[in-house]
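Below: one structure, written as structure tokens.
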Amino acid sequence: MIGGSRVRVLDPALNPVYRLLGPAYVGFWLNRLFWGRGYGTEVAKVLLSFGFDEHRLHRIFAWCDAENVSSARILEKIEMRREGVFLKNWMIRDNWRDAFLYAMLDSEWRKIEEPKVSPVTRVIHLERRTAT
């Protein structure tokens, strides 16, 4: 398996924190064998395109372990804005770790120069969507 990804729309009625963070978040992970090949960046772009272009979301956020330099670099490369740090946010290997919060608004997504998503990635994305 190469990895996994998702866009999750949050319901503020379930948790008041969702009103602060935004309506949706993106998440992805890659098998270590596929790191450093640009797949993470392409997946992250597709997730934003799916949320903003196809579902007309207003704001999408993401977070990553503050020590995960590669994930932070991907989020910055796709022009998500670092908005904050959650101190001691989650337990990883018996240690409390900080998390970086990133976000993007639909208006910011629309200003990014084309192509946002490579033609090959777009075809794969559309094929998956029509296959289900």
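The opening residue of the sequence shown carries number 1199 in this note's numbering; numbering runs sequentially from there. By construction, the Cβ of each residue, glycine as well, lies at the ideal position given by its N, Cα and C atoms.
For the set Ser1305, Phe1298 and Ser1203, the Cα lying nearest the Cα of Glu1274 is the one of Phe1298.
Fewer than three pairs of CB atoms, one per stretch, sit closer than 8 Å, so the region 1254–1267 makes no contact with the region 1229–1237.
When only Cα atoms are considered, Asn1287 and Glu1265 end up about 12 Å apart.
Residue pairing of Ala1242 in beta bridges, as defined by DSSP: absent, with no partner found. For Ala1264, no alpha helix (DSSP H) encloses it, and the DSSP letter there is neither H nor E. Within the same chain, and ignoring the five residues on either side of Arg1280 in sequence, the residues whose Cβ sits closer than 6 Å to its Cβ are Phe1298 and Tyr1300. Ranking Arg1271, Phe1250 and Val1283 by CA distance to the CA of Trp1307 puts Phe1250 first. For Trp1227, the enclosing beta strand (DSSP E) begins and ends at Ala1222 to Leu1228. As DSSP reads the structure, Leu1285 sits in no beta bridge. Judged by DSSP secondary structure, Trp1294 falls within the beta strand (DSSP E) whose first and last residues are Asn1293 to Leu1303. Here Tyr1223 has Val1205, Arg1206, Leu1208, Ile1258, Phe1259, Ala1260 and Trp1261 as same chain residues with Cβ atoms under 8 Å from its own Cβ, once five neighbours each way along the sequence are excluded.
Bridge partners of Arg1279 according to DSSP: Ala1301.
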